[in-house]
Every structure is written in structure tokens, then in C-alpha cells.
Amino acid sequence: MATDSKAAETKPVTRADYPHIAPIQTRWADNDIYGHVNNVTYY
0 MATDSKAAET KPVTRADYPH IAPIQTRWAD NDIYGHVNNV TYY
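Numbering (numbering that gives the first Met the number 0), first residue to last: 0 to 42.
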């Protein structure tokens, strides 16, 4: 099995890698029991 050299060179993506970050407020109903945002509707 060949190893992929690019896979070894990848670094984790951080917030600094994105040009724009917009914090949004979610409603309690938008979160599941694990705190993940699911099935969000525009409001």
C-alpha cells in the first residue's frame, strides 16, 4: 500500500484560515442533546 505524502503534510484547519467569521445567535430548539446545531431555519 502506498503512502500519500500530501496526507502527512496537511495541517488542521483553524479559524484564522477563513477570511470572514460571523458569530450568530442560535435558539435552544436549533441544538440537539449534544450541543450540535441541527435543522436550522432562517429567522
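Here a beta-carbon is modelled for each residue, glycine too, at the ideal position from N, C-alpha and C.
Within the DSSP secondary-structure output, Val36 pairs in a beta bridge with Asn30. Selection Asn37, Glu8, Asp16 and Tyr17 evaluated against Arg26 yields Asn37 as nearest (Cα-Cα). In the structure shown, Ala21 falls within a coil segment according to DSSP collapsed to helix, strand and coil.
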